[in-house]
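Numbering (my numbering), first residue to last: 834 to 1125.
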């Protein structure tokens, strides 16, 4: 089977990995919804990182402690704190919002990334990207409907999570110039685990074996998803890959409908189209500029 798969064109193999990553991301979100029905989101975040650290340890042992040498601990620490905050916000969004809405609003990460690149990194952002950002946030407005009775305060959770993710992503862009993949993943887990334990202690309750199992599976899915993303990008250009990442929206919408009977709000369609379209344009534009 493996030999047959390796004989397939690179585009077919890349599609398989990218689609697998999208499915895993959707299943991860669904698993978190089930887990947070029993345990607090803060506790779920800690367990996600703790299990992730356990799963990461064998890779570090196999590659050697020498791969962890670094001179950039302050940046790694800040990235870890932002990642822990992002995950706490995201898990609360998954608990309190319809899954399709939470997922759509979280797609604003590239939009916030553009703003941060212009404000903090002083990158030149031209009119076309600014227009894409504006269109994306108009889509956000259509979904959350600010100033109306339809607006839920919880709708701000996935947006705040996207802001933290964009900040962490900006730091990661700086770190990849000097740090290897194993180092980046290990320090993420070793920092986020104790950081996420602090808020978890205030809401701690003894988790059942079922909840522990769900979080172990969630951590495994995230690790496998990262591997699928890397393999897809090794086989195909980013412009080919990026569209697959947004397939998790229809996948999660279908899963949420089957599991919880959630029917997406009508405004998800136009708002989501604007957010996803703007995010894809921004991501592809940044990729193009990076090659110049």
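Cβ atoms here follow ideal geometry from the backbone N, Cα and C, with glycine treated the same way.
Given a threshold of 16 other Cβ atoms within 10 Å of its Cβ, counted over all protein chains shown, does residue 975 qualify as buried or as exposed? With 16 or more other Cβ atoms within 10 Å, it is buried.
Assuming residue 864 contacts residue 1047 (C-beta within less than 8 Å), just tell me the rounded distance between them. The C-beta separation of residue 864 from residue 1047 comes to about 5 Å, placing the pair in contact by the 8 Å criterion.
Close beta carbons around residue 852, own chain, < 8 Å, minus the five adjacent residues each side: The beta carbon of residue 852 sits closer than 8 Å to the beta carbons of 1077, 1080 from its chain, once the five residues preceding and following it are set aside; these are given in chain order.
On the three-state DSSP scale, how would you describe residue 903? In this structure, DSSP gives residue 903 a state outside helix and strand, which the three-state scheme calls coil.
From this set, 878, 955, 871, which residue's C-alpha is nearest residue 1029's C-alpha? Among 878, 955, 871, the Cα nearest to that of residue 1029 is on 878.
Nearest to residue 1096 (by Cα), restricted to the options 954, 1086, 916: Measuring from the Cα of residue 1096, the nearest candidate turns out to be 1086.
Excluding the 5 residues preceding and the 5 following residue 866 in the sequence, name in chain order all residues of the same chain whose CB lies nearer than 6 Å to its CB. Excluding sequence positions up to five before and after residue 866, its CB lies within less than 6 Å of the CB of 927, all in the same chain and listed in chain order.
What are the boundary residues of the alpha helix (DSSP H) that residue 895 is part of? Looking at the DSSP string, the run of the alpha helix (DSSP H) that includes residue 895 is 874–896.
Closest to residue 884 by C-alpha separation, out of 1050, 1098, 1083, would be which residue? Among 1050, 1098, 1083, the Cα nearest to that of residue 884 is on 1050.
Excluding the five sequence neighbours on either side, which residues of its own chain have a C-beta within less than 6 Å of the C-beta of residue 944, listed in chain order? 966, 969, listed in sequence order.
Under 7 Å between C-beta atoms of residue 1033 and residue 876: Residue 1033 places its beta carbon less than 7 Å from that of residue 876.
Note down the Cα distance separating residue 979 from residue 932, rounded to an integer number of angstroms. Rounded to whole angstroms, residue 979 to residue 932 spans 19 Å at the Cα level.
So residue 1074 and residue 847 are supposed to be a Cβ contact under 8 Å. How far apart are they, rounded? Indeed, because the Cβ distance is near 7 Å, the residues count as touching under 8 Å.
Euclidean distance between Cα positions of residue 998 and residue 841: The straight-line gap from Cα to Cα measures roughly 35 Å.
Report the three-state DSSP secondary structure of residue 1076 (helix, strand or coil). Helix, per DSSP.
Going by beta carbon distance, what residues of the same chain come within less than 6 Å of residue 912, once the five residues before and after it are set aside? These residues qualify, in order along the chain: 1001, 1004.
For residue 1015 and residue 892, which I take to be in contact (beta-carbon distance under 8 Å), what is that distance rounded to the nearest angstrom? About 6 Å separates the CB atoms of residue 1015 and residue 892; that is less than 8 Å, so the two are in contact.
Beta-carbon within less than 8 Å of residue 1036's beta-carbon, same chain only, minus the 5 sequence neighbours each way: which residues are those? Counting only residues of its own chain and dropping the five nearest sequence neighbours on each side, residue 1036 has a CB closer than 8 Å to the CB of 873, 875, 876.
How far does the alpha helix (DSSP H) with residue 941 in it extend, from its first residue to its last? Counting along the chain, residue 941 sits inside no alpha helix (DSSP H), nor does DSSP assign it H or E at all.
First through last residue of the alpha helix (DSSP H) which encompasses residue 1040: Note, residue 1040: premise wrong, no alpha helix (DSSP H); not H, not E.
Have a look at 838, 962, 888 and flag the residue whose alpha-carbon is nearest the alpha-carbon of residue 1177. Because the chain here runs from 834 to 1125, residue 1177 falls outside it and cannot be looked at.
Contacting residues, own chain, Cβ-Cβ under 8 Å from residue 1100 (five flanking each side not counted): 975, 976, 978, listed in sequence order.
Just checking my contact of residue 905 with residue 1008 at CB under 8 Å: how many whole Å lie between their CB atoms? Indeed they touch by this definition, with Cβ atoms about 6 Å apart.
Measure the alpha-carbon distance for residue 1094 versus residue 958 and round it to whole angstroms. Near 42 Å, if we compare the C-alpha coordinates of residue 958 and residue 1094.
Helix, strand or coil for residue 931? Go by DSSP, reduced to three states. Residue state, collapsed to three classes: coil.
Grouping DSSP H, G and I as helix and E and B as strand, with all else coil, what is residue 958? Under the three-state reduction of DSSP, residue 958 is assigned to coil, being neither helix nor strand.
What span of residues does the alpha helix (DSSP H) with residue 1010 cover, start to end? Segment: none, residue 1010 is in no alpha helix (DSSP H) and carries neither H nor E.
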